[in-house]
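Quick note: the sequence shown uses the UniProt record's numbering, first residue 1, plus one each step. We put the CB at the ideal spot given by N, CA and C, even for glycine. Below is one structure, written out as structure tokens; the observations come after it.
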Amino acid sequence: MNDCVNEIYSALFQAISALPYLEFPHKRTLIVAYSGGKDSHVLLHALHALSSQHSFSIKAYHAHHGLSLFADDWARHCQTICNDLQIPLEIFKLALHKQAGDSLEALARNARYQAFAAKLEVGDLVLTAHSEEDQAETVLLNLLRGTGLRGLSGIHLHSDLGKGSLLRPMLTVSRKSIMRYAAHFNLRWIEDESNLNLQFKRNLIRKNLLPVLDSVNPTAAHQLAKCARLAFESQMLLEEYLHHDLQEILDGQLRLELNGLVKHAIPKRKALLRLWIKNADIPLPTEKKLMDILVQVFTAAQDKNPTIQWKGGEIRRYQNKLFLKSISDKQLVSSVPATQQPLTWYLGRPLALAQGQVWRSIPTRGKGLALKHFSLNPSLTVAFRQEGERCQLAGKNHTQSLKQLFQTLKIPPWERDSVPLFYHDGQLISVGDYCVSNKYRVTAEDEAGLLLTNK
Numbered sequence: 001m002n003d004c005v006n007e008i009y010s011a012l013f014q015a016i017s018a019l020p021y022l023e024f025p026h027k028r029t030l031i032v033a034y035s036g037g038k039d040s041h042v043l044l045h046a047l048h049a050l051s052s053q054h055s056f057s058i059k060a061y062h063a064h065h066g067l068s069l070f071a072d073d074w075a076r077h078c079q080t081i082c083n084d085l086q087i088p089l090e091i092f093k094l095a096l097h098k099q100a101g102d103s104l105e106a107l108a109r110n111a112r113y114q115a116f117a118a119k120l121e122v123g124d125l126v127l128t129a130h131s132e133e134d135q136a137e138t139v140l141l142n143l144l145r146g147t148g149l150r151g152l153s154g155i156h157l158h159s160d161l162g163k164g165s166l167l168r169p170m171l172t173v174s175r176k177s178i179m180r181y182a183a184h185f186n187l188r189w190i191e192d193e194s195n196l197n198l199q200f201k202r203n204l205i206r207k208n209l210l211p212v213l214d215s216v217n218p219t220a221a222h223q224l225a226k227c228a229r230l231a232f233e234s235q236m237l238l239e240e241y242l243h244h245d246l247q248e249i250l251d252g253q254l255r256l257e258l259n260g261l262v263k264h265a266i267p268k269r270k271a272l273l274r275l276w277i278k279n280a281d282i283p284l285p286t287e288k289k290l291m292d293i294l295v296q297v298f299t300a301a302q303d304k305n306p307t308i309q310w311k312g313g314e315i316r317r318y319q320n321k322l323f324l325k326s327i328s329d330k331q332l333v334s335s336v337p338a339t340q341q342p343l344t345w346y347l348g349r350p351l352a353l354a355q356g357q358v359w360r361s362i363p364t365r366g367k368g369l370a371l372k373h374f375s376l377n378p379s380l381t382v383a384f385r386q387e388g389e390r391c392q393l394a395g396k397n398h399t400q401s402l403k404q405l406f407q408t409l410k411i412p413p414w415e416r417d418s419v420p421l422f423y424h425d426g427q428l429i430s431v432g433d434y435c436v437s438n439k440y441r442v443t444a445e446d447e448a449g450l451l452l453t454n455k
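Rendered as structure tokens:
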């Protein structure tokens, strides 16, 4: 068998078999991200050949971005190839909304992955055809942006995608080997004219910079890909080393204690912040923004609560702690009008509110609201803080204002207006899930109750 064929079969087998939760996929379906180009056609063809030996099936996803005049032709080409191979194909028509400053390449990639992710179930595996040269180009792009270890690690072999996973099994395969494979089997593919557009930095690196590096070292792409693998290993070791220190300075709600952070040198503070943000699945800020965070949270006056935002996230300081929040997630459609008018919550059903809150009532004993106060089909009125609300807590002989209550509970000021207030017969009986009115609380260990929760 041709050497390039063996090389590609071996790369696919090793990459898939190396997944920690997956032996080589007998009796399961693999999904190929199929653009119709040479690389993804080789991946599709090679997996199709292997499938007969290893009893797995294949289907393909094609993203129709609508960016080229030939996009419909490409979709038809993909359908023809998949029909010839008897591989099911699903075509995703995407609508891209470019804003000032957006990278068209990144916008199309994100839209493609979001569309694929929405279809995946637990255990689904999508494979893409990124090559060794794609890895080298990514490393060079990141180097020119002034990257650190994370950027040097380039394209990862394996990552999460929705409920499933994304695998790039050809990162060790060169474009020459891919071309030889395609020629060996007389494959037909489409050529994306945007790959010739030197306004895209990746194309500029591919056409102008990599050939120069090849003239210095013919294995330049291979060495850059090797650098990415080593950087990835170093990044994993660094995060493992930092994990314990990060846990030491987080409270029970994953907020970061400034008194703990300040004990470390500035480079380690930055590394701990990055790991904290990464673990929350929030895009990392730039190096400059990271330094802005450190300066502001340590130098702002004690009576101030500084807020630092970047694309995708924000950090706030309150009572010597840092609070991290995603600001890019789509919020659930609120059942509460913009005017925050009261509404009725029938306790047998979930209640969707703004800021992604979904409230439920759970039957319980010995805690929560005493069930004896409610009818067979109980309901509550839900409102939000205005002015003057007061609540009497368990064990207290007097009421106190919500402001006093929030201060006592150390609820950050920016979260207070989104805490729902639950009323029954015109009386405030519960403030979110923070506290229950003295009159309505369960008083005996075996007494039937209702727990209102947003967990």
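Residue i, buried or exposed, once every other Cβ within 10 Å from all chains shown has been counted against 16
{"i": "L369", "result": "buried"}
{"i": "P211", "result": "exposed"}
{"i": "D72", "result": "exposed"}
{"i": "Y346", "result": "exposed"}
{"i": "D429", "result": "Strictly speaking, residue 429 in this sequence is Ile, with Asp absent from that position. Its Cβ being crowded by 16 or more others within 10 Å, I429 is buried."}
{"i": "T172", "result": "buried"}
{"i": "V297", "result": "buried"}
{"i": "H243", "result": "exposed"}
{"i": "L376", "result": "exposed"}
{"i": "H398", "result": "exposed"}
{"i": "R112", "result": "buried"}
{"i": "D417", "result": "exposed"}
{"i": "T80", "result": "exposed"}
{"i": "Y61", "result": "buried"}
{"i": "P363", "result": "exposed"}
{"i": "K207", "result": "exposed"}
{"i": "T219", "result": "exposed"}
{"i": "H97", "result": "exposed"}
For residue j and residue i, believed in contact at Cβ under 8 Å, the rounded distance
{"i": "I8", "j": "H48", "result": "Wrong, their Cβ atoms sit about 12 Å apart, outside the cutoff."}
{"i": "G449", "j": "G366", "result": "7 Å"}
{"i": "K321", "j": "E257", "result": "6 Å"}
{"i": "V419", "j": "V431", "result": "6 Å"}
{"i": "A301", "j": "L224", "result": "With 8 Å as the limit, A301 and L224 do not qualify as a contact, their Cβ atoms being about 48 Å apart."}
{"i": "S326", "j": "I282", "result": "5 Å"}
{"i": "V42", "j": "I178", "result": "5 Å"}
{"i": "D124", "j": "G66", "result": "Not quite, the Cβ-Cβ distance comes to about 25 Å (not below 8 Å), so this is no contact."}
{"i": "A46", "j": "L12", "result": "6 Å"}
{"i": "L140", "j": "L250", "result": "No, L140 and L250 are not in contact; Cβ-Cβ is about 36 Å, not under 8 Å."}
{"i": "H424", "j": "L380", "result": "6 Å"}
Reduced DSSP category for residue i - H, G, I as helix; E, B as strand; rest coil
{"i": "G151", "result": "helix"}
{"i": "R109", "result": "helix"}
{"i": "K367", "result": "coil"}
{"i": "G66", "result": "coil"}
{"i": "Q427", "result": "strand"}
{"i": "A338", "result": "Unreliable positioning characterises A338 in this predicted model, as indicated by a pLDDT of 42, which lies under 50. The coordinate reading is nonetheless provided below. Here A338 sits in coil by DSSP."}
{"i": "W189", "result": "coil"}
{"i": "R316", "result": "strand"}
{"i": "A352", "result": "strand"}
{"i": "F406", "result": "helix"}
{"i": "K98", "result": "coil"}
{"i": "S57", "result": "strand"}
{"i": "V442", "result": "coil"}
{"i": "T172", "result": "coil"}
{"i": "V419", "result": "coil"}
{"i": "Q400", "result": "strand"}
{"i": "V122", "result": "coil"}
{"i": "L127", "result": "strand"}
{"i": "L230", "result": "helix"}
{"i": "Q331", "result": "Any reading at Q331 must be qualified, since the residue scores a pLDDT of 35, below 50, and its modelled position is unreliable; no value is offered."}
{"i": "L250", "result": "strand"}
{"i": "G235", "result": "Sequence inspection shows Gln at residue 235; the Gly mentioned does not correspond to that position. DSSP places Q235 in helix when its eight states are reduced to three."}
{"i": "K268", "result": "helix"}
{"i": "S103", "result": "coil"}
{"i": "S177", "result": "helix"}
Identified DSSP bridge partners for residue i
{"i": "I362", "result": "L451"}
{"i": "S159", "result": "L166"}
{"i": "V436", "result": "S430"}
{"i": "Y346", "result": "S379"}
{"i": "E257", "result": "K321"}
{"i": "K93", "result": "H64"}
{"i": "T29", "result": "S57"}
{"i": "T307", "result": "R316"}
{"i": "R390", "result": "S401"}
{"i": "S326", "result": "G313"}
How do the region 183–200 and the region 157–165 stand: do at least 3 beta-carbon pairs fall below 8 Å, yes or no? no
Does the region 141–155 come close enough to the region 230–244 that 3 or more CB-CB pairs lie under 8 Å? yes
Within the chosen definition, does the region 305–322 reach the region 355–375 through at least 3 CB pairs nearer than 8 Å? no
Would you call the region 179–189 and the region 261–275 touching, i.e. three or more CB-CB distances under 8 Å? no
Are the region 128–146 and the region 106–119 in contact at 8 Å, needing three or more beta carbon pairs? no
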